[in-house]
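In what follows, a single structure is set out as structure tokens and then discussed.
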Amino acid sequence: MMTVLGLISDVGGTFIALSAVIGGVVTGTTIALATRKQRREQLRILEQRPVAEWKQVRRAMWRGPVPADPEIRGSALELARTMYGRAHRFRWWITIILALNLVLSIARVATGDNPWYLLAGVAWVGAVVSHWYTIRRLRQRIALLQ
């Protein structure tokens, strides 16, 4: 996002490219390390079922009718509980980080920097809403699968 905003402003191309590479490496590494345990937990649950049923379990966890097969429903419930627990546990940290990014975007616009940072602000608000919606949706799905 910031790289796109840099393209609109008068910053040099080398700086933009270097910023994109560094930002991508830092962001990718952070996300990979932060979600490593979550991926292992999900895989542990999914491995209890045949690979052919993984898609059904994931779909049942998020949407659609409750599966008639109690084993698929049980795996979907366990997967939803695992994801809900993690999302609920980190909800305030994620909200604070995204809110700080929103404040920084607004501050850049307020100080006369590129007004396109308002677009970044909208993206940060969308990320907060999406995170809180995911928590709510998982809670509803857990109640339905029980």
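All you need for our numbering is the position in the sequence shown, starting with 1, plus 215. Backbone N, C-alpha and C define an ideal beta-carbon position, used for all residues, glycine too.
CA-CA distance, Q253 and I321?
One C-alpha to the other measures close to 32 Å.
Can you tell which of G327, A342 and S234 has its C-alpha closest to the C-alpha of L317?
The candidate whose alpha carbon is nearest that of L317 is A342.
To which residues of the same chain is I357 closer than 8 Å at the C-beta, ignoring the five residues directly before and after it?
Correct list, in chain order: L292, A295, R296 and Y299.
For Y348, is the classification buried or exposed, using 16 other Cβ atoms within 10 angstroms of its Cβ as the cut-off for buried?
Flag for Y348 reads exposed.
Rounded to whole angstroms, what's the CA-CA distance from I311 to H346? Just pull it up for me.
Computed Cα separation, rounded: 12 Å.
Would you say A275 and I260 are within 9 Å of each other, going by their C-beta atoms?
No. Outside cutoff.
Relative to the C-alpha of R352, which candidate in W277, L315 and R264 has its C-alpha closest?
Nearest of W277, L315 and R264 to R352, Cα basis: W277.
DSSP state of N329, grouped into three classes?
Residue state, collapsed to three classes: coil.
Just reading off the alpha helix (DSSP H) that A302 is part of, what are its end residues?
P285 to R304 is the extent of the alpha helix (DSSP H) around A302.
Ordered along the chain, which non-local residues of its own chain (more than five positions away) have a Cβ less than 6 Å from that of R323?
Within the same chain, R323 has close Cβ partners Y332.
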